[in-house]
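Only one structure is covered here, and it is reproduced in the block below.
Numbering (this note's numbering), first residue to last: 29 to 109.
What follows is the structure in structure tokens.
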């Protein structure tokens, strides 16, 4: 999303309208997508039971390829819902 689109979502509190399963998996050592983005999402989704946020210690940007064993259960769980 672009900055103005994100601002519109925040202004209209649209984050709370998302009711599909949401999984956020992020490495705290990601040099491309800053870990602060997860802090923002955590605030937006506070109190939502359809959201899972997992932070991977020392995880970098390519988590899918380096931490597949931690991601696979989340994907399988989501497919069962």
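Where a beta carbon is used, it is the ideal one built from N, C-alpha and C, also for glycine.
Q: Using a threshold of 8 Å, state whether the C-beta atoms of residue 51 and residue 69 are closer than that.
A: no
Q) Would residue 64 be called buried (16 or more neighbouring beta carbons within 10 Å of its own) or exposed? A) exposed
Q: Would you mind reading off the limits of the alpha helix (DSSP H) that contains residue 102?
A: 96-108
Q) What distance in whole Å lies between the Cβ atoms of residue 102 and residue 58, which are believed to be in contact at a cut-off of 8 Å? A) Actually they do not touch by this definition, with Cβ atoms about 17 Å apart.
Q. Helix, strand or coil: which one does DSSP assign to residue 75?
A. coil
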